[in-house]
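Here's the structure we're looking at; comments come further down.
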Amino acid sequence: MPQLPSLDRFPYSSLRSRPDFDWPDGKRLAVHVSINLEHFVFGEGGVDLDRPTPAPNHRSYLWREYGNRVGVWRLLDLFDELEIPIGVITNTAVYDHCPESLAAFSERGDEIIGHGDTNSIKPSEMTEAEE
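What follows is the structure, encoded as structure tokens:
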């Protein structure tokens, strides 16, 4: 039987073989809530999660614009009402494009999690010198 290649990143361990651990206050479940708050140049970024569309990809740009102008404030109201701390996964272009939203999350004490400068730039497609 052929041997499958292994990345040797971590050893296998079943749930049953792992030691039990305790969450604060004796809780048995932890949930992390996060949102993506992103900005990218029209025609250079965004992702189509459904299926390819003719260029330009209006769907992604409309998601971005609605989210940054309307949706983010509705979510903030909801998170405030439910007293849910969240993580905001964002790129640095948001600080220039819609800084009010990031300030609102910072004031709440939410965690700001960086993920690149902008979705218009794809480091995976760049050389080391270009990066």
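Numbering (my numbering), first residue to last: 14 to 144.
Every residue gets a Cβ at the ideal spot worked out from N, C-alpha and C, and that includes glycine.
(1) Taking the alpha-carbon of Gly80 as reference, which of Asp38, Val46, His52 and Ala106 has the nearest alpha-carbon?
(2) Beta carbon of Ile126, beta carbon of Ile102: below 8 Å?
(3) For the region 35-50 against the region 89-104, are there 3 or more C-beta pairs whose distance is under 8 Å?
(4) Which residues does DSSP pair with Thr103 in a beta bridge?
(5) With distances taken from CA atoms, which of Met139, Asp130, Asp33 and Glu144 is nearest His110?
(6) How is Arg22 classed by DSSP in three states: helix, strand or coil?
(7) Taking a contact to mean a Cβ-Cβ separation below 8 Å, would you say Val85 touches Ser114 in this structure?
(8) Let me check understanding here. Comparing Cα to Cα, which of Ser137, Lys40 and Phe92 lies closest to Asp123?
(9) Would you kindly check if the distance between the Cβ of Leu89 and the Cβ of Ala117 is under 8 Å?
Judging by the given coordinates:
(1) His52
(2) yes
(3) yes
(4) Leu50 and Gly127
(5) Asp130
(6) coil
(7) yes
(8) Phe92
(9) yes
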